[in-house]
Amino acid sequence: MSTNGSITPSTLSPKDLPWQIFWQRDKCSLCGNCTAVCPVNAIEPAVHRQRLVQTTMGLETEPSNVYQVYYGVRQKTDPAYGCIGCG
Numbered sequence: 014m015s016t017n018g019s020i021t022p023s024t025l026s027p028k029d030l031p032w033q034i035f036w037q038r039d040k041c042s043l044c045g046n047c048t049a050v051c052p053v054n055a056i057e058p059a060v061h062r063q064r065l066v067q068t069t070m071g072l073e074t075e076p077s078n079v080y081q082v083y084y085g086v087r088q089k090t091d092p093a094y095g096c097i098g099c100g
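Numbering-wise (the numbering used here), the sequence shown opens with residue 14 and increments by one.
The following block contains the structure:
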C-alpha cells in the first residue's frame, strides 16, 4: 500500500474485501448466470492460466513448466464493485 494511505484498485486483492467469492471449478457449469444476476457486478467471466510443473523420478532432467488454460469466474477488486454478500 502507498505511504499516504490511499487505496487504489491495484493495491487491493480479493482477500482484502469483506466478502470473498468461493468458486468451485468442478461444480461450475460456466453458464454465466451468476455474473448476469450479480447486482453490483462484483464477478466476471475470466480465463485463468495454471502452471503445472512436470518432474521425472530422480530429477535426471530439469523440471519443465506446462501451462493449462481454463475458464472460470473472477472477483473484481475495484471497491466500486465490491461484493455485498447477497448470494
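C-beta atoms are modelled at their ideal positions from N, C-alpha and C, and glycine is treated no differently.
Identify whether residue i lies in helix, strand or coil by the three-state DSSP scheme.
| i | result |
| --- | --- |
| Val53 | coil |
| Gly45 | coil |
| Pro76 | coil |
| Ala93 | helix |
| Met14 | Bear in mind that a pLDDT of 42 at Met14, under 50, signals an unreliable position, so the model cannot answer this. |
| Gly71 | helix |
If you check the beta carbons only, do residue i and residue j fall under 8 Å apart?
| i | j | result |
| --- | --- | --- |
| Tyr84 | Val60 | yes |
| Pro76 | Gln67 | yes |
If we count the other Cβ atoms within 10 Å of its Cβ and call it buried at 16 or more, is residue i buried or exposed?
| i | result |
| --- | --- |
| Ala55 | buried |
Compute the minimum distance between the beta carbon of residue i and the heavy atoms of the ligand HEM, and state whether it is under 7 Å.
| i | result |
| --- | --- |
| Lys89 | Ligands in the displayed structure: none, and consequently the ligand HEM is not present. |
Whole-angstrom Cβ separation of residue i and residue j, contact assumed at under 8 Å?
| i | j | result |
| --- | --- | --- |
| Trp32 | Ile97 | 7 Å |
| Arg62 | Val82 | 6 Å |
Three or more C-beta pairs below 8 Å linking the stretch 78 to 92 and the stretch 40 to 57 = Cβ pair count under 8 Å is three or more, so yes.
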